[in-house]
């Protein structure tokens with residue numbers, strides 16, 4: 345299969361590209377709420393970002409591997425990304441459950457802000473530091489907190505990533521099967 349202008353990509357590539365696009369959009373939204381909207385993330389919020397930071401480069405590499413015909417390696421990367429989002433789904437559910445008071449959040453959960461390294465600004469910055477509690481939702485949209493939406497997004501990204509892995513594996517098996 346050659347990829348020239350107008351050539352179509354396989355389903356595995358399309359699913360991987362969709363997962364990459366949605367991962368970038370999701371983490372960009374989280375960072376936008378933080379740096380533009382002023383929402384300070386808690387410790388669990390920051391942990392929930394790790395799956396995206398892992399997934400984005402791995403998905404990009406998997407797409408490059410697919411383009412080069414290395415479906416086996418791409419399949420392994422899609423599985424790793426799917427597992428990362430499975431873990432992130434569980435973490436998001438735990439975090440949302442702590443916000444709804446279904447169970448306690450971690451005792452060590454505090455703010456996600458860093459202190460200045462300048463001694464002159466330290467005292468003034470200490471006055472403005474807000475400690476963010478993991479058990480308090482910063483905002484709810486349609487009744488669901490950021491943590492809840494992360495669990496939903498991670499679940500769908502997990503499904504898309506595993507779908508890409510499955511189709512890449514199937515297409516790899518078809519390509520290696522002898523033609524009779």
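Numbering (our numbering), first residue to last: 345 to 524. Don't be surprised by glycine CBs; every beta carbon is placed ideally from N, CA and C.
Minimum C-alpha distance to residue i - residue among the options
i	options	result
residue 501	365, 450 and 386	365
residue 504	426, 382, 408 and 354	426
residue 428	512, 371, 410 and 396	396
residue 495	371, 411 and 510	371
residue 533	392, 369 and 515	Only positions 345 to 524 of the chain appear in the structure, and residue 533 is not among them; the question remains open.
residue 490	367, 363, 385 and 359	385
residue 419	434, 433, 402 and 432	402
residue 434	380, 362 and 389	389
residue 399	376, 362 and 353	362
residue 408	369, 377, 432 and 353	353
residue 368	378, 404 and 380	404
residue 498	514, 406, 432 and 487	432
residue 441	493, 514 and 355	493
residue 387	406, 424, 355 and 453	453
Distance between residue j and residue i (C-alpha atoms, nearest Å)
i	j	result
residue 439	residue 373	18 Å
residue 506	residue 422	6 Å
residue 357	residue 443	37 Å
residue 313	residue 394	There is no way to answer for residue 313, as the model of the chain reaches only from 345 to 524.
residue 512	residue 451	42 Å
residue 436	residue 415	31 Å
residue 449	residue 411	43 Å
residue 413	residue 381	42 Å
residue 383	residue 375	9 Å
residue 378	residue 359	29 Å
residue 338	residue 508	Limits of the chain in this structure are 345 at one end and 524 at the other, which puts residue 338 out of reach.
Residue i: CB within 7 Å of a non-hydrogen atom of the ligand ADP
i	result
residue 387	Ligands are entirely absent from the displayed structure, and the ligand ADP is therefore not among its contents.
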